[in-house]
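Trainee: 202 is the number that this note's numbering gives to position 198 of the sequence shown; each next residue is one higher, with no gaps.
Dropping the structure in here first, questions after.
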Amino acid sequence: MQSYRQFLFLFGFFFLRLSLFAQVNLTQSNLPIVIMDTHGQEIPDDPKITVDMKIIYNGEGKVNSVTDTVFHYNSKVGIELRGSSSQMFPKKPYGFETLNADSSELEVKLLGMPKESDWTFNATYNDKTLMRDALAYTLAGTFMDYAPRLQYCELIIDGDYKGIYMLIEKIKRGKNRVNIAKMSASDNSGDALTGGYIIKIDKMTGTNSGEGWESKYAPIPGSWQTTFFQFEYPKNQNITQPQRDYIHGYIDQLEDVLQSAAYKDSINGYRKYIDTKSLADYIIMNELTKNVDAYRLSTFFYKQRDSEGGKIKFGPVWDYNLGLGNVDYCTGGNSEGLVINDFNEVCPGDGWVIHFWWKRFLEDSTFQDELKLRWNELRHNQLSGENIFGLIDSLSTLLDVAKDRNFERWPVLGQYVWHNYFVGNTYGEEIDFLKGWLTDRLAFLDEVWKINTSKTLATSTSQEVIAYPNPFSSNVTIRHDMVSVDATLTVTDIQGRVIHVPIASKGQSELRYDFSTCPAGVYFIRLMTSEGVRTCRVVKH
Numbered sequence: 005m006q007s008y009r010q011f012l013f014l015f016g017f018f019f020l021r022l023s024l025f026a027q028v029n030l031t032q033s034n035l036p037i038v039i040m041d042t043h044g045q046e047i048p049d050d051p052k053i054t055v056d057m058k059i060i061y062n063g064e065g066k067v068n069s070v071t072d073t074v075f076h077y078n079s080k081v082g083i084e085l086r087g088s089s090s091q092m093f094p095k096k097p098y099g100f101e102t103l104n105a106d107s108s109e110l111e112v113k114l115l116g117m118p119k120e121s122d123w124t125f126n127a128t129y130n131d132k133t134l135m136r137d138a139l140a141y142t143l144a145g146t147f148m149d150y151a152p153r154l155q156y157c158e159l160i161i162d163g164d165y166k167g168i169y170m171l172i173e174k175i176k177r178g179k180n181r182v183n184i185a186k187m188s189a190s191d192n193s194g195d196a197l198t199g200g201y202i203i204k205i206d207k208m209t210g211t212n213s214g215e216g217w218e219s220k221y222a223p224i225p226g227s228w229q230t231t232f233f234q235f236e237y238p239k240n241q242n243i244t245q246p247q248r249d250y251i252h253g254y255i256d257q258l259e260d261v262l263q264s265a266a267y268k269d270s271i272n273g274y275r276k277y278i279d280t281k282s283l284a285d286y287i288i289m290n291e292l293t294k295n296v297d298a299y300r301l302s303t304f305f306y307k308q309r310d311s312e313g314g315k316i317k318f319g320p321v322w323d324y325n326l327g328l329g330n331v332d333y334c335t336g337g338n339s340e341g342l343v344i345n346d347f348n349e350v351c352p353g354d355g356w357v358i359h360f361w362w363k364r365f366l367e368d369s370t371f372q373d374e375l376k377l378r379w380n381e382l383r384h385n386q387l388s389g390e391n392i393f394g395l396i397d398s399l400s401t402l403l404d405v406a407k408d409r410n411f412e413r414w415p416v417l418g419q420y421v422w423h424n425y426f427v428g429n430t431y432g433e434e435i436d437f438l439k440g441w442l443t444d445r446l447a448f449l450d451e452v453w454k455i456n457t458s459k460t461l462a463t464s465t466s467q468e469v470i471a472y473p474n475p476f477s478s479n480v481t482i483r484h485d486m487v488s489v490d491a492t493l494t495v496t497d498i499q500g501r502v503i504h505v506p507i508a509s510k511g512q513s514e515l516r517y518d519f520s521t522c523p524a525g526v527y528f529i530r531l532m533t534s535e536g537v538r539t540c541r542v543v544k545h
């Protein structure tokens, strides 16, 4: 892995080659137009500065013009640079907070996303498809509890056209983001002390950077690297000492268990601390994208209050612009191999390596079976080739006109940008490479996570899920044999969203669901136990 000094040299060399960028005159767009006036201020890394921001958005499918006088948003924002290595590109990423005229916090809906105040602008400079993050977040949002929502826009700052950006929700606690309990300074005992917390593993930049604690276990036995857990929520200035001690102690207990010989124990092993469904989903997203930063950077997990489940859940997903075959280091461009197994072997000298947890998870054959079952379930639904490639085509169509302006402003097509594995001469070539890479990646993972059919059939009779009548018009009865004490039933729609359907009646091995308020369509009833997953497809007329 290159040193930081070599990294800076490469950036400087590249910038000399692209020192002159074209000025672009944006007049109208099918994307929302964001216009910012800094009043002559330079946007710093920290702290935020207050500027004026307008968003022109006339609705989906409508043309937006810079001369429009009706604004979707027209107020102040506090803005700063964000990111780590991405700040070194000429097209800068930003974080911003929506503000009232008096600079107080303003929670607002932006571009159809739920009301909040903290947002980011993702620049997508070295991802020439302009969609790797969008693809990852959108797919993750169909089956994980939460993934950041986003909308594309075109950005103008002080009259200077900056190109296509993604306006993305910032990861934070909230009912429309990471939905865990809000903590106050008085939550220092009992159930209130047990959650919620958001922890991240990342570089020492960004919110609350450097505030947290170092794991007492090396990520690789005998290695010089360390793993540092950072407080993301509550923020460092708000978290109390009892809260620090609690979450630190909880992670210490988990790590002690993972280091023990009995860590696979179904009662007192690591499953006591971790929600394994979220773990499987998180691994699937990182391996589908072969995210070179996976498990070691931009890695978030959160702990619910004990009364609300209490276990650690992994996610939300974040920062996938170096995934999906985009980098030429640590085998990131190769469509084969698992990051979770391979990174520490091929890049053991990197400053940030994968913590020992992840290897231990995969050494548990029961979890391996759960992971394989979940992958195969998703491959027939949210992660089918039809859904994935359909999304790529949809995003390509959305960006079809605006992309030309973006690449006129930033002429990176046909140019090597740190750390591209593939350099396409046209946007079409970049998209074709992405599709080809994903085709190969899906085939590889289908083979790696192939289900052992004989083992599955041997257990299926004790975990059967039957729905009747099917199709149905209002109510459907689910019959099951819950041999495992931790078995749970959930209902999802065809997009993978959890549907809260009232239970009309409940028996020992039977549930009657009332779908009367749900629209007609396809739904999935899922039975999950520590032994695996069973899914039943039902259709409402």
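We put the CB at the ideal spot given by N, CA and C, even for glycine.
If you reduce the DSSP assignment to three classes, tell me which class residue 318 lands in.
Mentor: Here residue 318 corresponds to residue number 314 of the sequence shown, with the count starting at 1. If DSSP states are grouped into helix, strand and coil, residue 318 belongs with the strands.
Trainee: Per DSSP, residue 307 forms a beta bridge with which residues?
Mentor: Along the sequence shown, read from residue 1 onward, the residue named residue 307 stands at position 303. Beta-bridge pairing links residue 307 to 201 and 316.
Trainee: Helix or strand or just coil, what does DSSP make of residue 361?
Mentor: Numbered from its first residue, the sequence shown carries residue 361 at position 357. Helix at residue 361.
Trainee: Decide if residue 260 is buried, meaning its Cβ has at least 16 other Cβ atoms within 10 Å, or exposed.
Mentor: Counting from 1 along the sequence shown, the entry for residue 260 is found at position 256. Exposed, because fewer than 16 other Cβ atoms sit within 10 Å of the Cβ of residue 260.
Trainee: Using a Cβ-Cβ cut-off of 6 Å (strictly less than) and excluding sequence neighbours within five positions of residue 256, which residues of its own chain qualify?
Mentor: Here residue 256 is taken as the residue at index 252 of the sequence shown, counted from 1. Within the same chain, residue 256 has no close Cβ partners at all.
Trainee: Please say whether residue 150 and residue 182 have beta carbons closer to each other than 8 Å?
Mentor: Counting from one through the sequence shown, the residue named residue 182 turns up at place 178. Counting from one through the sequence shown, the residue named residue 150 turns up at place 146. Yes, these two residues count as a Cβ contact at 8 Å.
Trainee: Taking the alpha helix (DSSP H) that residue 347 belongs to, which residues open and close that run?
Mentor: One-based indexing of the sequence shown puts residue 347 at position 343. It spans 343 to 350 - the alpha helix (DSSP H) in which residue 347 sits, taken as one unbroken run.
Trainee: Taking only the alpha-carbon atoms, compute the straight-line gap between residue 21 and residue 113 and give it to the nearest angstrom.
Mentor: The residue given as residue 21 occupies position 17 in the sequence shown. The residue given as residue 113 occupies position 109 in the sequence shown. Unreliable placement is indicated for residue 21, whose pLDDT of 46 sits below 50; no coordinate value is reported for it.
Trainee: Quick one: residues in its chain with C-beta nearer than 6 Å to the C-beta of residue 118, no 5 flanking neighbours on either side, listed in chain order?
Mentor: Stepping through the sequence shown from its first residue, residue 118 is reached at position 114. Result list for residue 118: 180, in chain order.
Trainee: Does DSSP put residue 181 in a helix, a strand or coil?
Mentor: Within the sequence shown, residue 181 is the residue found at index 177, counting from 1. Looking at residue 181 - three-state DSSP - the assignment turns out to be coil, as it is neither helix nor strand.
Trainee: Locate the alpha helix (DSSP H) running through residue 379, then write down its first and last residues.
Mentor: Here the question's residue 379 lines up with position 375 in the sequence shown. Unbroken alpha helix (DSSP H) run through residue 379: 369 to 383.
Trainee: In angstroms, rounded to a whole number, what distance separates the CA positions of residue 295 and residue 302?
Mentor: As a first step, residue 295 is located in the sequence shown; it is residue number 291 there, counting from the start. As a first step, residue 302 is located in the sequence shown; it is residue number 298 there, counting from the start. Looking at the two C-alpha atoms, the distance is approximately 11 Å.
Trainee: Return the chain-ordered list of same chain residues with a C-beta closer than 7 Å to the C-beta of residue 244, the five sequence neighbours on each side being excluded.
Mentor: As a working mapping, residue 244 is identified with position 240 in the sequence shown. Result list for residue 244: 189 and 192, in chain order.
Trainee: Going by beta-carbon coordinates alone, are residue 434 and residue 54 separated by less than 8 Å?
Mentor: As a working mapping, residue 434 is identified with position 430 in the sequence shown. As a working mapping, residue 54 is identified with position 50 in the sequence shown. No, these two residues do not count as a Cβ contact at 8 Å.
Trainee: What is the rounded straight-line gap between the Cα of residue 437 and the Cα of residue 443?
Mentor: Sequence index remark: in the sequence shown, residue 437 carries index 433 (1-based). Sequence index remark: in the sequence shown, residue 443 carries index 439 (1-based). About 10 Å.
Trainee: In the DSSP assignment, find the unbroken alpha helix (DSSP H) run with residue 452 in it and report its ends.
Mentor: On the sequence shown, residue 452 is found 448 positions in, with the first residue counted as 1. Its alpha helix (DSSP H) spans residues 431 to 452.
Trainee: Taking its Cβ as the centre, do 16 or more other Cβ atoms sit within 10 Å of residue 227, making it buried, or is it exposed?
Mentor: On the sequence shown, residue 227 is found 223 positions in, with the first residue counted as 1. Exposed, since its Cβ has fewer than 16 Cβ neighbours within 10 Å.
Trainee: Excluding the 5 residues flanking residue 176 on each side, which residues of the same chain have their C-beta closer than 6 Å to its C-beta?
Mentor: Taking the first residue of the sequence shown as position 1, residue 176 is located at position 172. Answer for residue 176: 122, listed in chain order.
Trainee: Between the Cα of residue 73 and those of 84, 50 and 37, spot the shortest distance and give me the residue it belongs to.
Mentor: Taking the first residue of the sequence shown as position 1, residue 73 is located at position 69. Of the listed residues, the one whose Cα sits closest to residue 73 is 37.
Trainee: Would you check if the distance between the CB atom of residue 85 and the CB atom of residue 171 is smaller than 8 Å?
Mentor: As a first step, residue 85 is located in the sequence shown; it is residue number 81 there, counting from the start. As a first step, residue 171 is located in the sequence shown; it is residue number 167 there, counting from the start. In this structure, residue 171 does not lie closer than 8 Å to residue 85 by Cβ.
Trainee: Consult DSSP for residue 261 and reduce its assignment to one of helix, strand or coil.
Mentor: Here residue 261 corresponds to residue number 257 of the sequence shown, with the count starting at 1. In the structure shown, residue 261 sits in a helix (DSSP, three-state: H, G or I).
Trainee: Quick check on the DSSP output: what are the complete alpha helix (DSSP H) runs of length 4 or more inside the region 134 to 187, in order along the chain?
Mentor: Segments of the alpha helix (DSSP H) lying fully in the region 134 to 187: 136 to 144.
Trainee: Curious, which full-length alpha helix (DSSP H) runs of at least 4 residues does the region 64 to 148 contain?
Mentor: The region 64 to 148 contains these whole alpha helix (DSSP H) runs: 136 to 144.
Trainee: For the pair the region 448 to 457 and the region 378 to 389, tell me if three or more CB-CB distances fall below 8 Å.
Mentor: As far as the Cβ criterion goes, the region 448 to 457 touches the region 378 to 389, which means the pair count is three or higher.
Trainee: Could you tell me the boundaries of the alpha helix (DSSP H) in which residue 286 lies?
Mentor: Position 282 of the sequence shown, counted from the first residue, corresponds to residue 286. It spans 280 to 292 - the alpha helix (DSSP H) in which residue 286 sits, taken as one unbroken run.
Trainee: Can the beta-carbon of residue 368 be found less than 8 Å from the beta-carbon of residue 268?
Mentor: Taking the first residue of the sequence shown as position 1, residue 368 is located at position 364. Taking the first residue of the sequence shown as position 1, residue 268 is located at position 264. Yes. Within cutoff.
Trainee: Quick check on residue 302: does DSSP put it in helix, strand or coil?
Mentor: As a working mapping, residue 302 is identified with position 298 in the sequence shown. DSSP places residue 302 in coil when its eight states are reduced to three.
Trainee: What's the call for residue 336, buried or exposed, on a 16-neighbour Cβ count within 10 Å?
Mentor: Start at 1 with the first residue of the sequence shown, and residue 336 comes out as number 332. Answer is buried; the Cβ neighbour count reaches 16.
Trainee: Can you find the residues in the same chain that come closer than 6 Å, C-beta to C-beta, to residue 480, ignoring five residues on each side of it along the sequence?
Mentor: For the purposes of this step, residue 480 is taken as the residue at position 476 of the sequence shown. Same-chain partners within the cutoff: 471, 517 and 542.
Trainee: Using the Cα positions of residue 57 and residue 159, report the straight-line distance between them to the nearest angstrom.
Mentor: Translated into the one-based positions of the sequence shown, residue 57 becomes position 53. Translated into the one-based positions of the sequence shown, residue 159 becomes position 155. Each residue's alpha carbon lies about 10 Å from the other.
Trainee: Using the rule of at least 16 other Cβ atoms within 10 Å of the residue's Cβ for burial, across every protein chain shown, is residue 242 buried or exposed?
Mentor: Position 238 of the sequence shown holds residue 242. Exposed is the call here.
Trainee: Output the boundary residues of the beta strand (DSSP E) element that contains residue 58.
Mentor: Taking the first residue of the sequence shown as position 1, residue 58 is located at position 54. Run containing residue 58: 53 to 60, per the beta strand (DSSP E) assignment.
Trainee: With a threshold of 8 Å on Cβ separation, who are the neighbours of residue 458 within its own chain once the five nearest residues in sequence on each side are excluded?
Mentor: The residue labelled residue 458 in the question sits at position 454 within the sequence shown. The predicted model places residue 458 with a pLDDT of 42, which falls under 50 and marks its position as unreliable; any figure quoted below should be read in that light. Result list for residue 458: empty, nothing under 8 Å.
Trainee: Do you know how far the Cα of residue 33 is from the Cα of residue 247?
Mentor: Looking up residue 247 in the sequence shown gives position 243. Looking up residue 33 in the sequence shown gives position 29. Residue 247 and residue 33: Cα-Cα distance of roughly 48 Å.
Trainee: According to the Cβ coordinates, are residue 425 and residue 329 closer than 8 Å?
Mentor: As a working note, residue 425 is residue 421 in the sequence shown. As a working note, residue 329 is residue 325 in the sequence shown. Contact flag set, yes.
Trainee: By the three-class DSSP mapping on this structure, what secondary structure does residue 250 have?
Mentor: Position 246 of the sequence shown holds residue 250. Note: residue 250 maps to helix in three-state DSSP.
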